[in-house]
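Chemist: Mind looking over this structure? Questions follow.
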Amino acid sequence: LLPFGGVVVLIAMMIFVMEIFLTIKKVKKLNLVMGSMLIANIFLFFGVIFGLFMALGYAGMVSVDIDTLLRAHVFLVIMGYVMLTIMGLSVVLLPMFGLSHGFSMKPLERAITLVCLAVLSVVFSSLFESTLLEYFGYLLAAVGLFIYFYFIKTVYETRARKEIDIYAKSLIFSYFSLLASLVLGLTYLLVNYEPLLLTSAWMLFFGFFSFVITGHIYKIIPFLVWFERFSPLVGKQKVPMLADMVPIKSSSAQFYFSAVGVVVIAAALLLQDDIFIKAGASFLLFGALAFVRNVFYMINYR
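Here it is as structure tokens:
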């Protein structure tokens, strides 16, 4: 069933990618955001192709080196698609929600270029079995993400909205998690201690990706609900502000429980301590329950 499932996923993702391409085709001039979206979806397409070949290899239908393809597949999807998408959209969302002005776009342009080159380098290292290209790609990715972190710092410093709300807290934690993930990953390349790699991946997925997503949900859901439910009432009766639709105490509880859980489990992975893992998982559970409660609160706000 694995290869057939892979084919179904391939068809679904090809439809998605074609929809994106057709949308981008209507754009008269590609800017940095649309260009990064185009490249990210090209990487996604090839990432799915590599995944299909891996599925066929597991089923014994084709003869491929699965471990080699796995490296290219993961880098294409995680760095090439997910990370590039976040990097491209951040130049729109972060200044919009933080009211940032007067920052330079050049660091982001360099960061995106380096990450793209890193993805290509790792993919070619898998195809040609080149260790030099592989580590060169890792180095390019690290440098690109450090530059991206610097860009985020400049956006934060030029913001007009100084309030540290749940959105700002989530993004601050997420980007410091990205920084920690980079440091841990580079340290792993030097000392080859596997828990460092596991902790680096943990901080990337649960520290960076998850907090970027949850932080933006606290902005996006209130806006959508307000636009649908309250915008027709403007000028007729008193309507709530977007900030009024976010439960302050519950969202803070969700943030602190989740952040502590991520840090505790990161320490547990480094120390190989089962008790810490259970403690961290408990914090994450309470954070997840609070987050679900907050989402329903915002959706049903009246």
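Count the sequence shown with the numbering used here and you get residues 11 to 312, in order. Note that CB positions come from ideal geometry on N, CA and C, so glycine has one too. The structure displayed is predicted, hence computed values, not measured ones.
(1) By alpha-carbon positions, which one of K259, L40, F63 and T78 ends up nearest to D175?
(2) Terminal residues of the continuous alpha helix (DSSP H) containing T168?
(3) How is S114 classed by DSSP in three states: helix, strand or coil?
(4) Here's the rule: buried if 16 or more other CB atoms are within 10 angstroms of the residue's CB, otherwise exposed. What is P232?
(5) Please report the residue range of the alpha helix (DSSP H) in which G61 lies.
(6) Closest to A69 by C-alpha separation, out of F301, V17, L206 and V222, would be which residue?
(7) Can you name, in chain order, every residue of its own chain whose Cβ lies under 7 Å from the Cβ of Q264, other than the five neighbours on each side?
(8) Return the chain-ordered list of same chain residues with a C-beta closer than 6 Å to the C-beta of Y160, the five sequence neighbours on each side being excluded.
(9) Quick check on the DSSP output: the alpha helix (DSSP H) that includes N202 runs from which residue to which?
(10) Could you give the DSSP three-state label for L109: helix, strand or coil?
(11) Could you have a look at Y311 and say whether DSSP puts it in helix, strand or coil?
(12) Return the chain-ordered list of same chain residues with a C-beta closer than 7 Å to the C-beta of P205, the five sequence neighbours on each side being excluded.
(13) First and last residue of the alpha helix (DSSP H) that includes G271?
(14) To the nearest angstrom, how far is it from the Cα of A178 to the Cα of V222?
(15) Are the segment 182-194 and the segment 128-144 in contact at 8 Å, needing three or more beta carbon pairs?
Modeler: Result, derived from the coordinates:
(1) What you label residue 175 is simply residue 165 of the sequence shown in a count that begins at 1. Nearest C-alpha to D175: K259.
(2) Reading the sequence shown from its first residue, position 158 is the one you call residue 168. Element bounds for T168: n/a, residue is neither H nor E.
(3) Position 104 of the sequence shown, counting from 1, holds the residue named residue 114. Reduced to three states, the DSSP call for S114 is coil.
(4) Working through the sequence shown from its first residue, we reach residue 232 at position 222. Buried, since its Cβ has 16 or more Cβ neighbours within 10 Å.
(5) Walking along the sequence shown from the start, residue 61 turns up at place 51. Run containing G61: L42 to Y68, per the alpha helix (DSSP H) assignment.
(6) The count along the sequence shown starts at 1 and reaches residue 69 at position 59. The shortest C-alpha separation from A69 is found at V17.
(7) Here the question's residue 264 lines up with position 254 in the sequence shown. Taken in chain order, the residues that qualify are G297, A300, F301 and N304.
(8) The residue you call residue 160 lines up with position 150 of the sequence shown. Hits under 6 Å: P117.
(9) Here the question's residue 202 lines up with position 192 in the sequence shown. It is not in any alpha helix (DSSP H) - N202 carries neither H nor E in the DSSP assignment.
(10) Position 99 of the sequence shown holds residue 109. Of the three classes helix, strand and coil, the one that applies to L109 here is coil, per DSSP.
(11) Counted from its first residue, the sequence shown places residue 311 at position 301. Reduced to three states, the DSSP call for Y311 is coil.
(12) As a working mapping, residue 205 is identified with position 195 in the sequence shown. Same-chain partners within the cutoff: L279, L280 and Q282.
(13) Position 261 of the sequence shown, counting from 1, holds the residue named residue 271. Start and end: I258 to L281.
(14) The residue you call residue 178 lines up with position 168 of the sequence shown. The residue you call residue 222 lines up with position 212 of the sequence shown. If I take the Cα positions, the gap works out to 10 Å.
(15) no
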